[in-house]
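Each residue of the sequence shown is one higher than the one before, starting from 838 at the first, in this note's numbering.
Beneath this line is the structure, given in structure tokens, with notes to follow.
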Amino acid sequence: MYKKSIFLLSALITLTISCKKKAEEQPNNPNLTIVDENDPQISISENGAVAAAHPLATEAGVEMLEKGGNAIDAAVAAAFVLAVVEPSMSGLGGRLQAIVMTSEGKISGVDATTQAGIDYNPETAPKGQYGYPAIGVPGVVKGLTKLLSDYGTLDLETVMQPAIKHAEEGFVVLPGEALRQSMEIKKIKEFTGTSKYFINGDTTYVEGSRLVQKDLANTLKLIAKEGEKVFYEGAIAKKIVDDVQKHGGTLSMAAMAEYQARDADMVEGSYRGFGLHGLFIPSYGAITIEMLQILENFDLADVPETTWAELVYQANVKAYEDRYSQEDLEAGKKLTSKEYAKTLADAMVPFPTQQAAMNWDRPASWTENGHTTHLSVADANGNVIALTQSLGPIMGSKVATEGLGFVYAATLGGYLGDMKAGERASSHISPFIITKKGKPFLVLGAAGGSRIVTAVAQVTSRVLDQKMPLNKALAAARVHTGDTLILAETHPGTWTLDDIKQFKEDGFMVEEVDQPGRFGRVHAVMMDTLTGKWIGAADPDWEGTAESPTTLGKVQ
838 MYKKSIFLLS
848 ALITLTISCK
858 KKAEEQPNNP
868 NLTIVDENDP
878 QISISENGAV
888 AAAHPLATEA
898 GVEMLEKGGN
908 AIDAAVAAAF
918 VLAVVEPSMS
928 GLGGRLQAIV
938 MTSEGKISGV
948 DATTQAGIDY
958 NPETAPKGQY
968 GYPAIGVPGV
978 VKGLTKLLSD
988 YGTLDLETVM
998 QPAIKHAEEG
1008 FVVLPGEALR
1018 QSMEIKKIKE
1028 FTGTSKYFIN
1038 GDTTYVEGSR
1048 LVQKDLANTL
1058 KLIAKEGEKV
1068 FYEGAIAKKI
1078 VDDVQKHGGT
1088 LSMAAMAEYQ
1098 ARDADMVEGS
1108 YRGFGLHGLF
1118 IPSYGAITIE
1128 MLQILENFDL
1138 ADVPETTWAE
1148 LVYQANVKAY
1158 EDRYSQEDLE
1168 AGKKLTSKEY
1178 AKTLADAMVP
1188 FPTQQAAMNW
1198 DRPASWTENG
1208 HTTHLSVADA
1218 NGNVIALTQS
1228 LGPIMGSKVA
1238 TEGLGFVYAA
1248 TLGGYLGDMK
1258 AGERASSHIS
1268 PFIITKKGKP
1278 FLVLGAAGGS
1288 RIVTAVAQVT
1298 SRVLDQKMPL
1308 NKALAAARVH
1318 TGDTLILAET
1328 HPGTWTLDDI
1338 KQFKEDGFMV
1348 EEVDQPGRFG
1358 RVHAVMMDTL
1368 TGKWIGAADP
1378 DWEGTAESPT
1388 TLGKVQ
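Shown next as structure tokens:
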């Protein structure tokens, strides 16, 4: 397997200098993708493709495909590696949502989000946006092992070897990870375990330094050898519970043992003849589908870029008004119905003169820079998976248990609102599969908090409406919803001063955001229907890569 140099990637891609290329007018063919062999963020191959948020995770996925594993084996290996090399974004103490389509055409999902314990009492539980009060039951380990047992072909020890290696031997810290950890240094220093693992001297690990995680390696080895049970009922569970309870948290052995990764509830719709497939609550698949089906009522193929953005913005407003109307699957069916989308589209105002007509309350969490990671994988046989995992904010709860080596997600204590015993809090996570004539066509998802849904919808529209090649669609400028204004990304290569002027002339208020990566980071794979090859693409605002296997092995 061709190994891409991390040092080269660090030189080429940083959070502060990466920028999106302005979307160019493309031929009317979504499959027309030209690959620069020197670009680590796009790959095309009949052998499949892996697109993930860190090059080492991408390599781990490709390694599994080259061993003869399928897309799910590759995704699980990549996800375990991300838990090692992107500890600010995801980890064993976090939550996971994934959607899978097998080569036989079956679409299903896994819900492994964090939850309040079965014995959690919100009336007496401690409160806090971070720290021990925020720790709920982790879901990632059961989520990944369920994916492997239900859909994979390789054994757990095999798929976990890359993660164990990078934890034990260390890895070079990329600029983005170094930046994120440095942003949380004060909170990290509040906790003994977290300080032990992420403070190097007097500061956090800087770009180019080597982060070795021996305790995490030992934790991973134990899981690889004994399976999920050791994490939820055995030695690891006991260490988790002892530490959390010692410091005033609420986890118990009963809560850990009761936890299950569930078969997710599915939602579906269609867009321009393509099938839309997502996960219902606690994922936001229904809102993603609703937003796209609102947009389907408008011809977006040849409109000016600013008009496209204004319609996307208004569809986002309408869809998000329903974010609290996802009580059950019956409600989900309403939100994903064409008739309902048509009524919302009819209420949109192409060129508003009264901005107050779209006024709505934006939750405080929407102002945060959401931190999550997403990967997408396809194999040569047509199995595909979109997988998103998260800790919530940067470094999650900020707590790591000494001797275990991983950070817990922020879940309880008011971070995701008041929760009842056994409840799983919803999030904007939206792994997504788009089909064409019953076959997988576009597999994607995003990181970025509330920007996830809008990022997925906008990339979909860029590909299906504007016929952009996948890498161009990921690079194209995006918008998001503010209180009564358009949030527009304006770092170099995105919306221009003329675009901003046009938004204002059309009656919209605008807030410019000039930071890369603030409008969702999408990693995707897509079928080139002309050649039968898979295209993998990583978001140019991030440090991820896309890569394909050069050879395919056979499972022994």
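Cβ coordinates follow ideal geometry from the N, Cα and C atoms, glycine included.
Treat the numbers as computed from the prediction; the structure is a model and nothing was measured.
Cutting at 7 Å between CB atoms, please list the residues of its own chain near T1029, excluding the five before and the five after it. E1239
So A1284 and R1358 are supposed to be a Cβ contact under 8 Å. How far apart are they, rounded? 5 Å
- Closest by C-alpha distance to P1012, when choosing among G989, L1148, L1389 and T1041: T1041
(message) Beta-carbon within less than 6 Å of V817's beta-carbon, same chain only, minus the 5 sequence neighbours each way: which residues are those?
(response) In the structure as shown, the chain starts at 838 and stops at 1393, and residue 817 therefore has no counterpart that could be examined.
* Beta-ladder partner(s) of L1322, from DSSP -> M1346
- Item | Nearest residue (CA-CA) to V1009, options G942, Y957, E923 and S927 | For V1009, the closest alpha carbon among the candidates G942, Y957, E923 and S927 is that of E923.
| query | Pick from D1079, L1088 and A1094: whose alpha carbon is nearest that of F1068? | reply | For the set D1079, L1088 and A1094, the Cα lying nearest the Cα of F1068 is the one of A1094.
Worksheet item: Could you check where the beta strand (DSSP E) with S1227 kicks off and where it finishes?
Response: V1221 to G1229
Is V1359 helix, strand or coil when you go by DSSP? strand
Practice task
May I have the straight-line CA-CA distance separating N1206 from F1269, to the nearest angstrom?
Solution key: Model confidence at N1206 stands at a pLDDT of 48, short of 50, so the residue's coordinates are unreliable; what they give is reported in the following sentence. Cα to Cα, the separation comes out at about 21 Å.
Item checked: Of the residues T982, T1209 and L1053, the one placed nearest K1033, counting alpha carbons only -> Among T982, T1209 and L1053, the Cα nearest to that of K1033 belongs to L1053.
Through-space distance from S1264 to D1250, alpha-carbon basis
Reading the sequence as shown, one finds Gly at residue 1250 and not Asp. Each residue's Cα considered, the two are about 16 Å apart.
Going by DSSP in three states, A886 sits in which element: helix, strand or coil? strand
- Task: Step through the CB atoms of chain D and report whether any lies within less than 8 Å of the CB of P1230.
- Result: Although the question refers to chain D, the structure presented lacks it and comprises just one protein chain.
- request: For the stretch 1026-1087, list the alpha helix (DSSP H) runs that are entirely contained and at least 4 residues long, ordered along the chain.
  value: 1029-1035, 1051-1063, 1066-1069 and 1072-1083
Practice prompt. Put E900 into one of helix, strand or coil per three-state DSSP.
Written response: It is helical.
| request: Identify whether H1003 lies in helix, strand or coil by the three-state DSSP scheme. | output: The answer is helix: DSSP assigns H1003 an H, G or I state.
Under the three-state reduction of DSSP, which class applies to W1371: helix, strand or coil?
strand
Q. Does the pairing of the stretch 980-990 with the stretch 889-897 give three or more beta-carbon distances under 8 Å?
A. no
- Determine, using beta-carbon pairs with one atom in the stretch 1292-1308 and one in the stretch 1327-1343, whether at least three such pairs fall under 8 Å. no
TODO: Take the Cβ of A1194 as the centre, count every other Cβ of all protein chains shown within 10 Å, and call the residue buried at 16 or more, exposed below.
DONE: With a pLDDT of 35 at A1194, under the threshold of 50, the modelled position of that residue is not reliable, and no figure is offered here.
| query | Closest by CA to V1049, which one among L1088, S1019, E1021 and H1003? | reply | H1003
Whole angstroms is fine: what's the gap from P975's alpha carbon to G931's?
5 Å
*Specify, as a first and last residue, the run of the beta strand (DSSP E) that F1278 falls within.*
K1276 to A1284
Query raised in the report: What residue from D1351, K1235 and E1127 has the CA that sits closest to F1035's CA?
Result: K1235
Review point. In the structure shown, what three-state DSSP assignment does K1304 receive?
Key: coil
With a cut-off of 8 Å, do at least 3 Cβ pairs link the stretch 1063-1078 to the stretch 942-950?
no
Margin query: Please list the terminal residues of the continuous alpha helix (DSSP H) segment that includes I1126.
Written below: G1122 to L1132
* Asked: How about S1385 and S880: are their beta carbons less than 8 Å apart?
  -> yes
Which stretch, first to last residue, makes up the alpha helix (DSSP H) that contains V947? Element bounds for V947: not the alpha helix (DSSP H) but the beta strand (DSSP E), I944 to A949.
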